[in-house]
Amino acid sequence: MILPVIAGLISAAPALIGLFDNGDDSTVSKVAKLASGIARGVTGTDDDGNALAALQADPELLLEYQRQTAQRAISLYQEETKRLLAVNETIRAEAASADPYVRRMRPTMGYALIFSWTMTMAAVVYVIVTDPAAASTVIIALADLSIMWSVALSVLGLYVYKRSEDKKPTTDAENGLSVLGRMAGKLMAR
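As structure tokens, this is what we get:
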């Protein structure tokens with residue numbers, strides 16, 4: 002019962018529909034909570050079903066709900082635009098830096114970790130093959146290093162993931178449209 006009610010609340014506010022573009026479940030959850038909170042605030046009810054019924058029954062409440070959701074959607078788009086500008090400035094600063102280490106820090110860390118991991122595993126294999134009696138000691142020592150390796154590999158994973166995400170082109174971005182420009186385009190297309 003709750004899913005159709007939330008879908009009804011979201012469909013009553015066209016400004017919120019554009020927030021679903023990325024297909025991320027956490028975004029869907031955030032937009033659903035946003036729609037629910039605004040609807041409850043506008044109607045003065047504590048139940049999504051009652052809020053939807055009140056919005057459907059009173060056109061003035063529906064207009065107020067749509068106005069508030071549009072304002073919130075605009076503020077969300079503005080926040081996202083600021084975040085993207087900060088990321089863009091950081092990447093441009095890294096790329097424009099005269100210091101080669103700043104430009105190549107991510108690959109340097111990746112290569113260093115790969116080299117360290119390879120040397121560690123080669124040493125473990127060598128000791129186990131040449132001195133099988135020491136295998137248990139080596140495996141215990143390797144287990145003690147697991148926290149260090151998990152942190153280092155997590156950082157490397159974030160570098161790779163974020164760098165890949167930063168390089169993803171979007172059609173709107175390639176066309177020079179800002180987040181607000183995309184939102185206006187979606188609203189005008191309706």
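The working numbering applies: residue 2 is where the sequence shown begins, and numbers increase by one. Glycine included, each C-beta is placed from N, C-alpha and C at the ideal position. Source: prediction; values computed, not measured.
Kindly indicate which three-state DSSP category Gly45 falls into: helix, strand or coil? Note: Gly45 maps to coil in three-state DSSP.
Report yes or no: do three or more beta-carbon pairs, one from the stretch 105 to 118 and one from the stretch 149 to 164, lie closer than 8 Å? A contact exists between the stretch 105 to 118 and the stretch 149 to 164.
Alpha carbons only, please: which of Arg41, Leu35, Thr121 and Thr131 is nearest the one belonging to Leu77? Looking from the CA of Leu77, the closest CA among Arg41, Leu35, Thr121 and Thr131 belongs to Leu35.
Are the stretch 60 to 78 and the stretch 35 to 45 touching by the rule of at least three beta carbon pairs closer than 8 Å? Taking a cut-off of 8 Å for Cβ pairs, the stretch 60 to 78 and the stretch 35 to 45 touch, as three or more such pairs fall below it.
Near Tyr160, which residues of its chain fall below 6 Å by C-beta distance, leaving aside the five closest residues on each side in sequence? Closer than 6 Å at the Cβ level, and outside the excluded window around Tyr160, lie Arg107.
Which same chain residues, not among the five before or five after Gln69, have their C-beta less than 6 Å away from its C-beta? Excluding sequence neighbours, Gln69 sits near Ile39.
Report the three-state DSSP secondary structure of Asp59 (helix, strand or coil). Here Asp59 sits in coil by DSSP.
Less than 8 Å between the CB atoms is what I'm expecting for Leu146 and Val125, so what's the real figure, rounded? Going by Cβ atoms, the distance from Leu146 to Val125 rounds to 10 Å, so no, they are not a contact pair.
Let me know the secondary structure DSSP gives Asp132 once reduced to three states. Secondary structure at Asp132: coil, using DSSP grouped into helix, strand and coil.
With a threshold of 9 Å between beta carbons, is Gln69 in contact with chain D? Annotation note: the requested chain D is absent from the structure, which comprises a single protein chain.
Met2 versus Gly50 - alpha carbon distance: Reliability fails at Met2, whose pLDDT of 42 lies under 50, so the model's placement of it is uncertain and no value is given.
Whole-angstrom distance between Ala94 and Thr131, CA atom to CA atom: Their backbone Cα atoms lie some 50 Å apart in a straight line.
Let me know if Ser30 comes out buried or exposed under the rule of 16 or more other beta-carbons within 10 Å of its beta-carbon. It counts as exposed.
Inter-residue Cα distance where the pair is Ala97 and Thr109: Their Cα atoms are separated by approximately 17 Å.
C-alpha distance - Glu175 paired with Leu56, whole-angstrom precision: Low per-residue confidence applies at Glu175: pLDDT is 48, beneath 50, and the placement is therefore not dependable enough to give any value.
Does Ala123 pass the burial test, meaning 16 or more other C-beta atoms within 10 Å, or should it be called exposed? Counting other Cβ atoms within 10 Å of its Cβ, Ala123 stays below 16 and is therefore classed as exposed.
Under three-state DSSP, which class holds Arg84? Arg84 falls in the helix class under three-state DSSP.
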